[in-house]
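Asker: Quick one: this structure, given as structure tokens, is what I'll be asking you about.
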Amino acid sequence: MQDLVALESLSTQDIESLLDLSQNMAEILDRPIKKVPTLRGKAVVNLFFEPSTRTRNSFELAAKYLSADVINVQQSGSSVEKGETLWDTARNLSEMAVDGVIVRHQVSGVPQQLADILDIPVINAGDGSHEHPTQGLLDALTISQAKGSLAGLKVAIVGDVLHSRVARSDIHVLLALGAHVVLVGPPTVLPESYEELGVEVTTDLRRALSDADAIQVLRLQKERQNSGEIPSLWEYRLRWGITSQTVSWAKPDAVILHPGPQNRGVEIDSDILESSRSWVLRQVRNGVAVRMAVLFRLLGGGRGDE
Amino acid sequence: MKQVALLMDEDAIRRALMRIAHEIVERNQGVANLSLVGIRRRGVPLSERIAANLMVIENEAPVVGSLDIGLYRDDLANRPFSPVKQTSLGSRMVDRRIVVLVDDVLFTGRTVRAALDALSDFGRPTAIQLAVLIDRGHRELPIRADYVGKNVPTSRLERIRVEVKEIDGIDRVYVEKTEEVEATE
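Those protein sequence lines, which keep their order, are chains A and B.
Numbering of the first sequence is given in our numbering, commencing with residue 109 and proceeding in unit increments.
Numbering of the second sequence is given in our numbering, commencing with residue 5 and proceeding in unit increments.
Quick look at the structure:
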């Protein structure tokens with residue numbers, strides 16, 4: 109493995125070994141000194157062309173817990189704002205001897221293009237509506253911690269699936285690990301073509317949640333309302349919101365996930381987020397462990413293993 | 005051509021681990037305040053067996069943990085990627101305790117060096133001691149074992165194989181003569 113651009117292109121074996129590694133990395137977060145010397149002397153760049161707090165901080169902490177040095181480049185205040193192309197920015201950073209690039213971009217495919225021109229590992233931190241591979245891995249890790257294994261579980265993904273890179277990465281990792289995946293949301297943002305991947309697609313929340321072992325609640329991107337693709341917020345909540353009533357359709361021990369940041373009272377109610385079913389904070393913790401595993405996997409070995 | 009010679013069989017390993025347990029008890033006057041930490045992989049079953057022996061001798065079990073040193077290697081940049089295994093260790097097992105590290109073979113000393121670094125991330129032990137089933141010499145660092153099952157003078161061309169029932173299905177130690185120089189432990 110040279111880069112991490114998409115879970116779609118990983119083998120089941122690669123996915124399983126990354127999840128095992130993540131589980132072992134999670135132990136480091138419980139230590140009194142949560143820093144290991146593994147990536148000492150390595151430098152990574154967080155190249156974020158889209159606003160992000162959690163993912164960027166998570167990658168930064170993951171790198172620091174492994175003793176790598178990190179710099180953050182954001183769109184505003186950087187040479188990007190002065191008109192420098194992405195390629196020039198990346199090439200210049202590469203010339204400064206950085207060992208890895210973490211990239212988030214609003215355009216799908218940018219991480220792959222960067223990976224094609226750079227010799228150093230490129231990690232996709234979310235590109236357009238394509239993929240968010242570390243989110244997919246941390247969701248799979250969280251569900252498997254809660255349930256022991258993913259094989260045979262029913263996982264519902266609720267919301268604007270069409271525009272969601274999280275949903276796409278989730279689908280690939282969950283299917284690879286043997287889960288049954290159901291997508292549910294407003295018909296305008298529910299791609300029926302996904303049925304070809306082997307998932308179930310429905311607009312009926314009750315049908316999607318019935319017997320579900322885990323529910324991934326996608327963030328409602330409010331700007332989609334302006335384009336007319338989703339109904340008003342109250343109507344959305346009425347038909348696809350995760351509330352104490354709708355959650356009762358799932359198995360009594362079903363776990364709730366949300367990639368964050370949450371719109372409380374829209375796609376999910378506060379009391380559900382705060383309930384014992386909610387694993388959203390574990391997702392955040394697992395995110396650091398997963399990113400440590402990915403950084404270690406891509407930067408922690410010498411050449412000659414590919 | 006590979007030549008193979010048996011160094012220890014099941015009985016010899018059992019006796020060596022019992023003697024090591026007696027030496028640990030004698031030196032530390034019991035097992036109170038003692039933590040046994042096995043280095044993955046084969047140090048782990050060995051540490052569990054020594055712990056069981058200590059239970060027989062003293063009627064008191066020591067704390068047992070395990071350590072993977074993969075994140076602390078000094079040769080990460082020169083070897084292919086290899087995943088890390090689980091570490092089961094807490095600061096309560098390390099801080100202000102006598103820690104006995106357990107490994108199968110002591111060779112260059114680099115694994116033990118990495119383990120010492122890892123332990124210090126969990127706390128400050130009162131003392132760290134080292135128990136190994138085989139000491140084969142060729143140290144590259146100023147490290148020695150406190151408890152040794154068997155000293156085996158070797159050439160660098162030889163390879164020591166320790167097999168344990170828990171992992172390999174059989175208890176035995178043998179030496180292989182190979183043509184290449186062995187680079188790491």
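Using N, Cα and C, we set each Cβ at its ideal position, and we do this for glycine too.
For clarity, every value in this text was computed on a predicted model and none was experimentally measured.
1) Hey, B/L50 and B/L134: beta-carbon distance below 8 Å or not?
2) When DSSP builds the beta bridges, which residues end up paired with B/S92?
3) By alpha-carbon positions, which one of A/W387, A/S160, A/R347, A/T354 ends up nearest to A/I364?
4) Does the CB of A/S125 have a neighbour CB from chain B at under 8 Å?
5) Are the beta-carbon atoms belonging to B/A20 and B/I73 less than 8 Å from one another?
6) Assuming the contact rule is C-beta atoms closer than 8 Å, B/A55 and B/P66 should be a hit. Round their C-beta distance to whole Å, please.
7) Between A/A284 and B/L10, what straight-line distance do the alpha-carbon atoms span, to the nearest angstrom?
8) Count the C-beta pairs between the region 395-404 of chain A and the region 350-363 of chain A that are closer than 8 Å, then say yes if the count reaches three, no if not.
9) So with Cβ pairs under 8 Å, would you call B/T91 a contact of chain A?
10) Let me make sure I understand the geometry here. Which of A/D224, A/E375, A/H280, A/S166 has the alpha-carbon closest to that of A/G293?
11) With DSSP as the reference, please indicate the residues paired to A/S386 in a beta bridge.
12) Using the beta-carbon count (16 or more within 10 Å), is A/M204 buried or exposed?
13) Three Cβ pairs or more, each shorter than 8 Å: is that satisfied between the region 89-105 of chain B and the region 122-132 of chain B?
14) Would you say B/V48 faces chain A, with C-beta separation under 8 Å as the test?
15) Given that a residue counts as buried once 16 or more other Cβ atoms are within 10 Å of its Cβ, and exposed if not, what is A/K330?
16) What would DSSP say about A/E124, mapped onto helix, strand or coil?
17) Could you check whether the Cβ of A/D128 sits closer than 8 Å to any Cβ belonging to chain B?
18) Does the CB of A/V106 have a neighbour CB from chain B at under 8 Å?
19) For A/V292, which of helix, strand or coil comes out of DSSP?
20) Name, going along the chain, the residues of the region 126-142 of chain B whose beta-carbon falls closer than 8 Å to a beta-carbon of chain A.
21) Starting from A/N180, follow the alpha helix (DSSP H) in both directions and report where the run begins and ends.
22) Under 8 Å between C-beta atoms, does B/F85 make it to chain A?
23) At a Cβ threshold of 8 Å, is A/R315 touching chain B?
24) Can you list, in chain order, the residues of the region 376-390 of chain A whose Cβ is nearer than 8 Å to any Cβ on chain B?
25) Between A/I123 and the rest of its own chain, which residues show a CB-CB distance below 8 Å, the 5 nearest in sequence each way excluded?
26) Going by DSSP, what residue range makes up the beta strand (DSSP E) through A/Y344?
27) Any idea if A/L346 is buried or exposed, counting beta-carbon neighbours within 10 angstroms, 16 or more meaning buried?
28) Just verifying my parser: in three-state terms, what is the DSSP assignment at B/R163?
29) Got a sec: is the Cβ-Cβ distance from B/L145 to anything in chain A below 8 Å?
30) Could you compute how far the alpha carbon of A/K262 sits from the alpha carbon of B/L93?
31) Give the single residue among A/G236, A/P241, A/G208, A/G234 whose Cα lies nearest to the Cα of A/I225.
32) Helix, strand or coil: how does DSSP classify A/A401 here?
33) My output table needs one value for A/N154: the three-state DSSP class, helix, strand or coil.
34) Should B/A25 go down as buried or exposed, given a rule of 16 or more other Cβ atoms within 10 Å for buried?
35) Would you say B/L105 reaches chain A, if we count a Cβ-Cβ gap shorter than 8 Å as a contact?
36) Quick one, which residues of the region 55-77 of chain B are near chain C if we go by CB-CB under 9 Å, in chain order?
Answerer: Put simply:
1) no
2) B/S70
3) A/W387
4) yes
5) no
6) 5 Å
7) 45 Å
8) no
9) yes
10) A/E375
11) A/I364
12) exposed
13) yes
14) no
15) exposed
16) helix
17) yes
18) No information on residue 106 of chain A is available, as it lies outside the stretch 109 to 414 that chain A covers here.
19) strand
20) F126, G127
21) Unbroken run through A/N180 is the beta strand (DSSP E), 177-182; no alpha helix (DSSP H).
22) yes
23) no
24) none
25) L115, L245, A248, V281, A284, L285
26) Looking at the DSSP string, A/Y344 is not in any beta strand (DSSP E); the run it does join, the alpha helix (DSSP H), is 341-348.
27) exposed
28) strand
29) no
30) 35 Å
31) A/G208
32) helix
33) strand
34) buried
35) no
36) Among the protein chains in the structure shown, which are A and B, there is no chain C.
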